[in-house]
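Going by the numbering used here, the first residue of the sequence shown is number 455, and it counts up by one from there.
Positions of the beta carbon are idealized from the N, C-alpha and C atoms, including for glycine.
Let me begin by presenting the structure, written as structure tokens, before commenting on it.
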Amino acid sequence: MLDRLKKQIRIWERDGKYSWITQAATFAWVQARNLYDRIHIGQLRGVLKRNAFPTEPSVAVQMVCEGRIGRGARPMQVRQELDALIRLIDERKPRKLIEIGTARGGTLLLLCRFAAPDAQIVSIDLPYARNGGGYPRWKGKFYQSFTHPDQKLTLLRANSHDPETFRIVRDILGGDMADFLLIDADHSFEGVRTDFHTYIPLVAAGGLIALHDILPNTEDPSINVSEFWAQLEADSTHQTDTIVHDAAQGHSGIGLVYV
């Protein structure tokens, strides 16, 4: 019953119908999720304060995705796929990272812990946006605890499609180029296409772009990243690869673009 209702709301959202219902439903869902996270973040906060966060990528990903400690910052990812991505981050040790779609902060946490120890990270999220839903201001202080001592994290509660947001990110980088860009926010075709083409000029040659939810989604009709991903794969100017746990899983999947 609840799943059918959620799917219907997503259809209305995709089609631009009954916006007062879809907005109210998104607001209620985000409030409930943030309350749950606030109740459960204590264990993770304690691990970070004690500097006891796992240093092995697979152990850290398992803890955040499935362990009790990660309940207040669960990534909306398939564990095996996120594991492979974070191992890539650990190997590459990027120093300049852009994340579009902060959401509950679980992926951001792992990016901070396995990027270069002096990395600069910019994470963008639009409050009460579709799919991710944003995060409340109190979570910003919690997210700042994710970093290593010499890292710098900038949190932008803004629309990634807004030209002013792009200018702010460019100014934060201070003329440097990003080594890694994660796109995991507005999952519509137009939304992901806009994010990709807007921010790829900020990614250095040899850098890596990751797009989440590239598989056709059988659960949420508002997610249409797969159509844009198919275009990228067909474009010979882009070197691409995929991280997919099960091609029949009906959701998720990570696409990689090597710049």
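Check your understanding: Do you know offhand how far residue 578's Cα is from residue 612's?
Key -> 6 Å
**Study point:** Whole runs of the beta strand (DSSP E) within the segment 571 to 605, excluding any shorter than 3 residues
**Key:** 574 to 579
**Study point:** Exposure of residue 513, with buried meaning 16 or more beta-carbon neighbours within 10 Å
**Key:** exposed
Review point. Looking only at C-alpha atoms, which of 576, 509 and 557 sits nearest to residue 624?
Key: 576
Check your understanding: For residue 666, which beta-bridge partners are listed by DSSP?
Key -> 708
Point to revise | Terminal residues of the alpha helix (DSSP H) in which residue 682 lies | key: 679 to 688
Point to revise | residue 648 - DSSP class collapsed to helix/strand/coil | key: helix
Exercise for review: Report the rounded CA-to-CA distance for residue 538 versus residue 697, giving the unit in angstroms.
Suggested key: 7 Å
Point to revise | Neighbourhood of residue 571 by C-beta distance below 6 Å, restricted to the same chain and skipping five residues each side | key: 602 and 604
Point to revise | residue 632: first and last residue of the uninterrupted beta strand (DSSP E) it sits in | key: 632 to 637
Practice item. Taking 8 Å as the threshold, find out whether the segment 513 to 522 comes into contact with the segment 549 to 565 through three or more Cβ pairs. Key: yes
Exercise for review: May I have the straight-line CA-CA distance separating residue 661 from residue 549, to the nearest angstrom?
Suggested key: 11 Å
Exercise for review: Check the C-beta distance from residue 663 over to residue 679 and give it rounded, since I have them as a contact under 8 Å.
Suggested key: So it is not a contact: roughly 13 Å between Cβ atoms.
Exercise for review: Give the secondary structure of residue 545 by DSSP, where H, G and I count as helix, E and B as strand, and everything else as coil.
Suggested key: helix
**Study point:** 8 Å Cβ cutoff met for residue 665 and residue 704
**Key:** no
Check your understanding: Which of helix, strand or coil does DSSP assign to residue 476?
Key -> helix
Review point. Which term fits residue 474, buried or exposed, when burial requires 16 or more other beta carbons within 10 angstroms of its beta carbon?
Key: exposed
Exercise for review: Would you list the residues sitting across from residue 693 in a DSSP beta bridge?
Suggested key: 712
Point to revise | Residues of its chain near residue 541, where Cβ-Cβ distance is below 6 Å and the 5 sequence neighbours each way are ignored | key: 511
Practice item. Kindly give me the distance between the Cβ atoms of residue 635 and residue 543, rounded to whole angstroms, as I take these residues to be in contact under 8 Å. Key: The Cβ separation is near 12 Å, so there is no contact.
**Study point:** DSSP three-state assignment for residue 658, whether helix, strand or coil
**Key:** strand
**Study point:** Collapsed DSSP secondary structure at residue 619 in the structure displayed
**Key:** helix
Exercise for review: Please check the pair residue 713 and residue 682, which I expect to be a contact at CB under 8 Å, by giving their CB distance rounded to whole angstroms.
Suggested key: Contact doesn't hold; Cβ gap of about 17 Å is too wide.
Exercise for review: Take residue 670 as the anchor and find which of 617, 707, 619 and 606 has the nearest alpha-carbon.
Suggested key: 707
Check your understanding: Under a Cβ-count criterion, where at least 16 other Cβ atoms within 10 Å of its own Cβ denotes burial, should residue 495 be classed as buried or exposed?
Key -> buried
Exercise for review: Between the Cα of residue 493 and those of 470, 568, 471 and 523, spot the shortest distance and give me the residue it belongs to.
Suggested key: 523
Exercise for review: Work out the CA separation of residue 639 and residue 470 for me, nearest whole Å.
Suggested key: 18 Å
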